[in-house]
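Take the sequence shown: its letters are residues 314 to 498, numbered as in the working numbering.
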Amino acid sequence: MSRCDRERLTPTFITQQHLYDNHRRLIVTTPAAHLRGPDAADHNAQAAVDDAHLSLRFKHGIHTVYLFVDALAPMSNVTQLLREVLRERYPSGLTTSVAPPEQTLVPADAKLAYAVLAVPNDPSRGWRRIKVGADEENTPTKCNLKDNDIIAFAIIDADQQDDEDEVRFEVEWPRVDDELYEEGG
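Laid out in C-alpha cells, this is it:
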C-alpha cells in the first residue's frame with residue numbers, strides 16, 4: 314500500500330471524543346464520511362451510531378469527558394461507565410479547581426449526581442439537577458438528555474446524604490485572560 318493510499322484511509326480524529334463498545338475498551342472513532350476504501354465497512358460495523366445512542370459531555374472541575382451512551386439503558390449503566398473511565402484515566406483524582414489547587418478522588422463505589430444548565434448556553438444561571446430515579450432506573454431519554462448535552466456531575470460521599478440542595482456542581486469554564494492580550498501588544 315502506498316503512502317498516498319494510507320493517508321487516504323487514515324481518519325481525521327475528533328479531538329477528545331472517546332467511544333466505548335460493550336467490552337469497555339477505549340476506541341477512538343471518526344465519522345464514517347472521513348473513511349474511504351475497504352476499511353470503511355469494518356469501521357461502520359464497529360462503531361454503529363444510531364438514534365438509540367447519545368454523545369454526552371460530562372463536566373467536573375476543569376475536566377470534560379465525552380461518552381457515547383445507550384439512550385435506552387438505565388442511568389446506572391452510565392454512572393458505572395463514567396466511574397470506570399474516571400478511575401482509569403485519573404487515578405490520583407479529578408482537578409476540581411486550579412486556584413487554589415483541589416483534587417477530588419473517585420472511589421470505586423462512588424455515587425454520582427447529575428445536572429444540566431438551568432438556562433442553556435448560560436452557565437452563570439447555574440445547574441438544574443437531573444432526576445435519575447431511586448436506583449438510577451431512568452434512562453437518558455427519560456431524563457430528557459439530548460445528543461451533545463453538557464452534563465455536570467458531582468461525587469457524593471458515602472457518608473453524605475443525597476440532599477438535592479446540598480450537592481454542588483463545580484465546573485470551571487474556560488476564560489479569556491485579558492492580561493495575556495495586553496502583554497502581547
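Glycine is no exception: its CB is placed at the ideal position from the N, C-alpha and C atoms.
| Item | Value |
| --- | --- |
| Between which residues of its own chain and Arg441 is the CB-CB distance below 7 Å, once the five residues before and five after are set aside? | Ala428, Val429, Ala431 |
| Need the endpoints of the beta strand (DSSP E) that Arg441 sits in, please. | 440-442 |
| How far does the alpha helix (DSSP H) with Val391 in it reach, from first residue to last? | 388-402 |
| From Arg438, Leu385, Phe371, pick the residue whose C-alpha is nearest to that of Leu407; which is it? | Phe371 |
| Hey, Val485 and Thr392 are a contact pair by Cβ (cut 8 Å); roughly how many whole angstroms apart? | The amino acid occupying residue 485 in the given sequence is Glu; Val does not appear at that position. No, Glu485 and Thr392 are not in contact; Cβ-Cβ is about 22 Å, not under 8 Å. |
| Let me check understanding here. Comparing Cα to Cα, which of Ser389, Leu369, Phe381 lies closest to Ala447? | Ser389 |
| Given this structure, state the Cα-to-Cα distance separating Leu418 from Pro404, to the nearest angstrom. | 8 Å |
| Assuming contact is defined by CB atoms lying nearer than 8 Å, are Val411 and Ile468 in contact in what I supplied? | no |
| For Phe466 versus Ala421, is the C-beta distance shorter than 8 Å? | no |
| Could you tell me how far apart the beta carbons of Val382 and Leu399 are, in whole angstroms, since I believe they sit closer than 8 Å? | At roughly 15 Å, the Cβ-Cβ gap does not stay under 8 Å, so Val382 and Leu399 are not in contact. |
| Going by beta-carbon coordinates alone, are Thr409 and Glu401 separated by less than 8 Å? | no |
| Helix or strand or just coil, what does DSSP make of Ser437? | helix |
| Contact defined as beta carbons within less than 8 Å: I believe Asp460 pairs with Leu380. What is the distance between those atoms, to the nearest angstrom? | Contact flag wrong, Cβ pair sits at about 12 Å. |
| For Lys455, which of helix, strand or coil comes out of DSSP? | coil |
| Would Arg438 be called buried (16 or more neighbouring beta carbons within 10 Å of its own) or exposed? | exposed |
| Which of the three DSSP states is assigned to Arg488 in this structure? | coil |
| Taking Arg488 as the reference, give the member of Lys444, Arg481, Pro436, Ile464 with the closest Cα. | Pro436 |
| Quick one: is Asn457 buried, meaning 16 or more other Cβ sit within 10 Å of its Cβ, or exposed? | exposed |
| Please name the residue, chosen from Asp470, Glu479, Ile464, that lies closest to His373 on a Cα-to-Cα basis. | Ile464 |
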